[in-house]
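Heads up: the sequence shown begins at 103 in our numbering, then just goes up one per residue. Here is the structure we will look at.
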Amino acid sequence: RTWLKAYPTLEASLELHITEWGHDSENHLGYDNNYGAAHTVAGAIEMVGVVERAFVFEIQDGKDPKGEKLWGRWGLLTHNDFGATAKPRYNALKLLDKIGNQRLQLLGKGSWVKALAAKNNQGDIQIVLSNFDVYGKHTEAVPITLTDMPSGSYTVTREFHNGQLQSTAASVSDGTLVTNVHLSPNTVVLVTIAKK
């Protein structure tokens, strides 16, 4: 955006696209595990409102010269010879894709955990959290406090990028709903709060 300021007649009409991005431009084992998943979602969250389009490279792994299924290639899926299996980044992006379009204000992002909040078409509140930790050491207990909530009963669902699903009941009588999410290092979760 700083570069665009030199061209004021173009600045308002140009979209900013990042055509390839990731945690390493070289092959890296993180592309095959939770490290890459958490980095991808944390990066995407930080781009919201700044970058109009960001393209992940590549859709599917190229073939490893040594014949290995996982070899640190950038793909979201393994090579066809190994069944085009979804890798953790693919599953994490699927969670991010589920979030609604009506963005909600979110306060208190931490140094490790990045978050994005929205309301979906059904009126459910959704929060995507990514605990990207380059060192793989920081487990986080993330408090979530929602204010101005209508009184009633709610279901709080936590859907993790590894497929784990947790649901708990919550009730609101004073306009506030409080819940917590335990995030291991390099974990992505979609929290959905739905009124019963």
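Think of the CB as a built atom: it goes at the ideal place given N, C-alpha and C, for glycine as much as any other residue.
If Q228 sits next to I246, beta carbons under 8 Å apart, how far is it from one beta carbon to the other, in whole angstroms? Residue numbering aside, residue 228 sits at position 126 when the sequence shown is read from its first letter. Residue numbering aside, residue 246 sits at position 144 when the sequence shown is read from its first letter. Between I246 and Q228 the Cβ distance is about 11 Å, and since that is not below 8 Å, they are no contact.
Assuming R260 contacts V215 under a Cβ cut-off of 8 Å, what Cβ separation, rounded to an integer in Å, is found between them? In the sequence shown, counting from the first residue as 1, residue 260 sits at position 158. In the sequence shown, counting from the first residue as 1, residue 215 sits at position 113. So it is not a contact: roughly 14 Å between Cβ atoms.
Near F184, which residues of its chain fall below 7 Å by C-beta distance, leaving aside the five closest residues on each side in sequence? As a working mapping, residue 184 is identified with position 82 in the sequence shown. Same-chain partners within the cutoff: K171.
Rounded C-beta distance between T289 and A140? I'm assuming under 8 Å. Taking the first residue of the sequence shown as position 1, residue 289 is located at position 187. Taking the first residue of the sequence shown as position 1, residue 140 is located at position 38. Right, the Cβ-Cβ distance comes to about 6 Å (below 8 Å), so this counts as a contact.
Hey, which unbroken runs of the beta strand (DSSP E) at 3 residues or more fall wholly within the region 115 to 158? Fully enclosed beta strand (DSSP E) runs of 3 or longer: 119 to 123, 155 to 158.
Limits of the alpha helix (DSSP H) - the one that Y192 falls within: As a first step, residue 192 is located in the sequence shown; it is residue number 90 there, counting from the start. Element bounds for Y192: 190 to 199.
Excluding the 5 residues preceding and the 5 following I120 in the sequence, name in chain order all residues of the same chain whose CB lies nearer than 8 Å to its CB. In the sequence shown, counting from the first residue as 1, residue 120 sits at position 18. Around I120: M149, V153, R155, A156, F157.
Can you tell me the Cβ-Cβ gap for N203 and A220, rounded? I've got them flagged as a contact below 8 Å. Residue mapping note: residue 203 aligns to position 101 of the sequence shown, counting from 1. Residue mapping note: residue 220 aligns to position 118 of the sequence shown, counting from 1. The pair is a contact, with the Cβ atoms about 7 Å apart (cut-off 8 Å).
Kindly indicate the opening and closing residues of the beta strand (DSSP E) around E113. Here residue 113 refers to the residue found at position 11 when the sequence shown is read from its first residue. From DSSP, E113 is part of no beta strand (DSSP E) but of the alpha helix (DSSP H) over 110 to 113.
Which value, in whole angstroms, describes the spacing of the CA atoms of A272 and L116? Position 170 of the sequence shown, counted from the start, is the residue given in the question as residue 272. Position 14 of the sequence shown, counted from the start, is the residue given in the question as residue 116. Between A272 and L116, the C-alpha separation is close to 45 Å.
The beta strand (DSSP E) enclosing R260, as first and last residue numbers: Residue numbering aside, residue 260 sits at position 158 when the sequence shown is read from its first letter. That run of the beta strand (DSSP E) goes 254 to 262.
Return the first residue and the last residue of the beta strand (DSSP E) that A272 is part of. The residue labelled residue 272 in the question sits at position 170 within the sequence shown. From DSSP, the beta strand (DSSP E) with A272 extends over 267 to 274.
Just to confirm, is the Cβ distance from G145 to W123 under 8 Å? Indexing the sequence shown from 1 puts residue 145 at position 43. Indexing the sequence shown from 1 puts residue 123 at position 21. Pairing G145 with W123 gives a Cβ-Cβ distance under 8 Å.
Can you tell me whether K189 is buried or exposed? The criterion is at least 16 other CB atoms within 10 Å of its CB, across all chains shown. Position 87 of the sequence shown, counted from the first residue, corresponds to residue 189. Using a 10 angstroms sphere on the CB of K189, the tally of other CB atoms reaches 16 or more, which defines it as buried.
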